[in-house]
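Student: Mind looking over this structure? Questions follow.
Numbering (UniProt numbering), first residue to last: 1 to 421.
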């Protein structure tokens with residue numbers, strides 16, 4: 001046979017089986033045998049089996065995934081062993097069926113007539129097995145010409161496990177969302193309650209402090225000093241308790257969304273002067289030197305001055321508390337982009353890497369020794385971080401044990417209209 005001529009693989013096979021080639025004229029017996037074999041194969045094709053070529057036939061029959069070959073009306077032409085196992089039918093049974101007999105979601109002819117030759121796409125559906133089991137399938141569908149007509153090749157895959165995992169994941173996500181919503185609701189209720197209780201908690205405590213101060217003043221002017229120390233302890237303890245309650249209530253207001261920033265214009269250098277006069281006594285308690293430095297040229301800000309003052313005093317209060325016989329201070333600079341940076345530093349005890357990781361968490365102290373020695377609620381830095389976000393900025397920290405700590409507060413000079421805590 002001339003190798004330069006290209007024959008269909010099936011035709012080449014039949015010529016070879018009949019012993020025909022181009023070397024001479026075939027004898028009548030060989031020719032009749034060839035025609036008989038080709039006629040038989042064509043009859044098979046139109047009776048229901050399309051033979052593409054032996055290699056392709058073998059690939060389909062032994063493929064792991066189920067294959068179906070059908071015409072544009074859905075009549076099954078050929079299937080492989082995997083398809084029979086998946087549906088529970090024999091090959092002979094399936095060759096007598098149409099796709100609509102086991103496919104529940106795709107209407108026969110709905111897409112196959114319109115498919116272009118060599119077009120391939122993926123569809124999802126449901127199959128019903130011979131035993132009545134219904135399961136989801138993903139089918140890769142392609143159209144091509146064979147035997148002078150368009151046929152459809154479908155590769156199906158049972159995706160029951162994947163669908164079940166997706167359902168379980170969806171159910172888990174819904175359960176997590178419900179739990180999150182319940183937790184948020186509970187937290188909001190708690191925060192709203194505490195925020196609403198601010199007046200009820202503060203009023204009697206302020207009365208205790210006020211009466212103790214009044215009695216102290218009267219004793220200094222008029223009477224004996226026998227109980228003066230005891231009254232002073234009452235006053236100091238009451239002020240400390242009020243400070244703790246204020247921290248808790250401020251955090252509750254933030255969580256309840258009741259704390260707002262109120263912007264006003266002011267000069268930062270003047271505000272730093274007020275902070276210096278307030279923080280000076282705090283620094284002197286532990287023998288520290290206080291340094292406040294502002295870049296040359298005063299610059300105006302339009303933000304919540306009260307919150308900014310509280311940020312600086314919280315940070316300076318911590319710096320003074322954790323530093324003895326050292327230095328604490330504030331440096332203020334601005335840039336052309338309209339941002340202010342405030343560095344609050346100290347030469348105190350510093351923090352470990354572990355403590356830095358939770359420094360802004362509520363009710364956290366650096367360690368047990370720090371909590372026992374210095375006390376407090378552990379809310380000061382939490383509130384400071386929330387105030388920074390409220391003013392449209394952020395805060396960062398760096399520290400080394402025994403080498404002091406530096407907080408960097410970066411805020412816009414003009415408070416954004418929308419700032420979230």
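Glycine is no exception: its CB is placed at the ideal position from the N, C-alpha and C atoms.
Note that the structure is a prediction, hence the values are computed from the model and not measured.
Using 10 angstroms around the beta-carbon of residue 404, count the other beta-carbons present and answer buried if the total reaches 16, otherwise exposed.
Tutor: Position 404 of the chain shown holds residue 404. Under this definition residue 404 is a buried residue.
Student: State yes or no: is the C-beta of residue 327 within less than 8 Å of the C-beta of residue 287?
Tutor: On the chain shown, residue 327 is found 327 positions in, with the first residue counted as 1. On the chain shown, residue 287 is found 287 positions in, with the first residue counted as 1. No; because the gap between Cβ atoms is not below 8 Å, this pair is not in contact.
Student: Using DSSP with H/G/I as helix, E/B as strand and the rest coil, what is residue 119?
Tutor: By 1-based counting over the chain shown, the position of residue 119 is 119. Three-state DSSP puts residue 119 in coil, outside helix and strand.
Student: Excluding five sequence neighbours on each side, which residues of the same chain lie with their C-beta closer than 7 Å to the C-beta of residue 6?
Tutor: Translated into positions along the chain shown, residue 6 becomes position 6. Since pLDDT at residue 6 reaches only 49, below the 50 mark, its modelled position is unreliable, and the value read off the structure follows with that caveat. Once the five neighbours on either side are set aside, residue 6 has no close Cβ partner at all.
Student: With the cut-off set at 8 Å, would you say residue 167 and residue 155 are in Cβ contact?
Tutor: Here residue 167 corresponds to residue number 167 of the chain shown, with the count starting at 1. Here residue 155 corresponds to residue number 155 of the chain shown, with the count starting at 1. Result no, Cβ atoms of residue 167 and residue 155 do not sit closer than 8 Å.
Student: Check residue 214 in the structure and name its three-state DSSP category.
Tutor: As a position in the chain shown, residue 214 is number 214, starting the count at 1. Three-state DSSP puts residue 214 in a helix.
Student: Using the beta-carbon count (16 or more within 10 Å), is residue 70 buried or exposed?
Tutor: Sequence index remark: in the chain shown, residue 70 carries index 70 (1-based). Under this definition residue 70 is a buried residue.
Student: Considering just the uninterrupted stretch of the alpha helix (DSSP H) at residue 389, what are its terminal residues?
Tutor: To locate residue 389, count along the chain shown from 1; it is residue 389. Taken as a continuous stretch (DSSP letters only), the alpha helix (DSSP H) holding residue 389 covers 380 to 390.
Student: Please identify the residue among 94, 415, 88, 408 whose C-alpha is closest to the C-alpha of residue 77.
Tutor: Here the question's residue 77 lines up with position 77 in the chain shown. If we check each option's Cα against that of residue 77, 94 comes out closest.
Student: Please identify the residue among 131, 149, 409, 100 whose C-alpha is closest to the C-alpha of residue 116.
Tutor: Taking the chain shown and counting its residues from 1, one reaches residue 116 at position 116. With distances taken between Cα atoms, residue 116 lies closest to 149.
Student: Less than 8 Å separating the beta-carbons of residue 350 and residue 393?
Tutor: For the purposes of this step, residue 350 is taken as residue 350 along the chain shown, with counting starting at 1. For the purposes of this step, residue 393 is taken as residue 393 along the chain shown, with counting starting at 1. For the 8 Å CB-CB criterion, residue 350 and residue 393 do not form a contact.
Student: Starting from residue 111 and walking both ways along the alpha helix (DSSP H), at which residues does that stretch end?
Tutor: On the chain shown, residue 111 is found 111 positions in, with the first residue counted as 1. From DSSP, residue 111 is part of no alpha helix (DSSP H); its letter is neither H nor E.
Student: Sorted by chain position, which residues of the same chain lie with C-beta nearer than 7 Å to residue 310's C-beta, five sequence neighbours on each side aside?
Tutor: In the chain shown, counting from the first residue as 1, residue 310 sits at position 310. Around residue 310: 387.
Student: Determine the DSSP secondary structure at residue 331, reduced to helix, strand or coil.
Tutor: Working through the chain shown from its first residue, we reach residue 331 at position 331. Three-state DSSP puts residue 331 in a strand.
Student: According to DSSP, which residues form a beta bridge with residue 151?
Tutor: Position 151 of the chain shown, counted from the start, is the residue given in the question as residue 151. In DSSP, residue 151 forms a bridge with 71, 144.
Student: State the beta-bridge partners of residue 135 as determined by DSSP.
Tutor: By 1-based counting over the chain shown, the position of residue 135 is 135. DSSP output for residue 135 lists 127 as bridge partner(s).
Student: Could you pull out every residue in the same chain whose Cβ sits closer than 8 Å to the Cβ of residue 274, ignoring the five residues on either side in sequence?
Tutor: Taking the first residue of the chain shown as 1, we reach residue 274 at position 274. Excluding residues within five positions, the ones whose Cβ falls inside 8 Å are 309.
Student: Throw me the rounded Cβ distance for the residue 97 and residue 128 pair, which I believe falls under 8 Å.
Tutor: The sequence position of residue 97 within the chain shown is 97, counting from 1. The sequence position of residue 128 within the chain shown is 128, counting from 1. Actually they do not touch by this definition, with Cβ atoms about 12 Å apart.
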